[in-house]
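Asks:
Numbering (my numbering), first residue to last: 8 to 251.
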């Protein structure tokens, strides 16, 4: 015995079988009872072993059905250096969920540097692939910027970016800041993405500025299994390289 908990030994055997290809992606694993009998342990031990493999991302639990080897996810890549700056859910299929107004509060108010209660436009767009929700884009901007004009988010032409729309309203964006992180999935994001609340998700917080003033902020939320961010960064040439 190596002194480790017995469930880790059971998990090692199952993990090795998965990685060697003995179990194909999507196939059902032996039940807790069968694993317990095969390894001479209690069902509680086999349950802990399977939960460990779930936490590692190799296995998924399906309530009422059992444990299955996770299928290889389809990866979707989001370019973060597009000229439109804020391409939402491109390159996924767009499902426009509309624009409405709400009172800014909490994090949104702080990101836009406005008081709680200030009216903002909120626009949501769902990105899907083969009919499956993959990413959710939500954007907020102070309603006072464009209210009463034909340049509100609700009036945006399909395919136009926030830079062009706000520029037409006399608001020139000259800086973009992004912060990328992982956080638990919230409601109503979970129902829109059809994922369990609390699941870790990738989040890109992007804010557009006119000088020092934030004029629009957005969240791109997507599954960490399916979403990747692509950054293409130009490198400045040294004076020696330029003279060659």
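Using N, Cα and C, we set each Cβ at its ideal position, and we do this for glycine too.
1) Enumerate, from N- to C-terminal direction, the unbroken beta strand (DSSP E) stretches of 3 or more residues contained entirely within the stretch 138-181.
2) Considering residue 101, what are the terminal residues of the beta strand (DSSP E) in which it resides?
3) In chain order, what residues of the same chain lie with their CB nearer than 6 Å to the CB of residue 202, ignoring the 5 residues before and after it?
4) Alpha carbon to alpha carbon, how far is residue 47 from residue 205?
5) Spatial neighbours of residue 67 within its chain, please: CB distance less than 6 Å, with the 5 preceding and 5 following residues excluded, ordered by chain position.
6) Which residues bound the beta strand (DSSP E) around residue 63?
7) Alpha carbon to alpha carbon, how far is residue 158 from residue 151?
8) Can you tell which of 50, 52, 222, 38 has the C-alpha that lies nearest to the C-alpha of residue 70?
9) In chain order, what residues of the same chain lie with their CB nearer than 6 Å to the CB of residue 187, ignoring the 5 residues before and after it?
10) Starting from the C-beta of residue 130, find all residues in its chain whose C-beta is less than 6 Å away, skip the five residues before and the five after it, and write them out in chain order.
11) Contact between the stretch 108-117 and the stretch 193-200: three or more CB pairs below 8 Å?
12) Taking the C-alpha atoms as reference points, what is the distance between residue 73 and residue 243?
13) Any idea what DSSP makes of residue 16, helix, strand or coil?
14) Curious, which full-length beta strand (DSSP E) runs of at least 3 residues does the stretch 189-224 contain?
15) In this structure, how does DSSP classify residue 113 when only helix, strand and coil are distinguished?
16) Would DSSP call residue 29 helix, strand or coil?
17) Express the C-alpha separation of residue 122 and residue 104 in angstroms, rounding to a whole number.
18) Using C-beta distances below 6 Å, list every residue in its chain close to residue 228, excluding the 5 sequence neighbours before and after it, in chain order.
Replies: To lay it out plainly:
1) 139-149
2) 100-110
3) 192
4) 34 Å
5) 75, 77
6) Looking at the DSSP string, residue 63 is not in any beta strand (DSSP E), and its letter there is neither H nor E.
7) C-alpha separation (whole angstroms): 11 Å.
8) 38
9) 211
10) 106, 146, 160
11) no
12) 54 Å
13) Helix.
14) 207-217
15) If DSSP states are grouped into helix, strand and coil, residue 113 belongs with the helices.
16) Correct three-state label for residue 29: coil.
17) 26 Å
18) 143, 196, 208, 210
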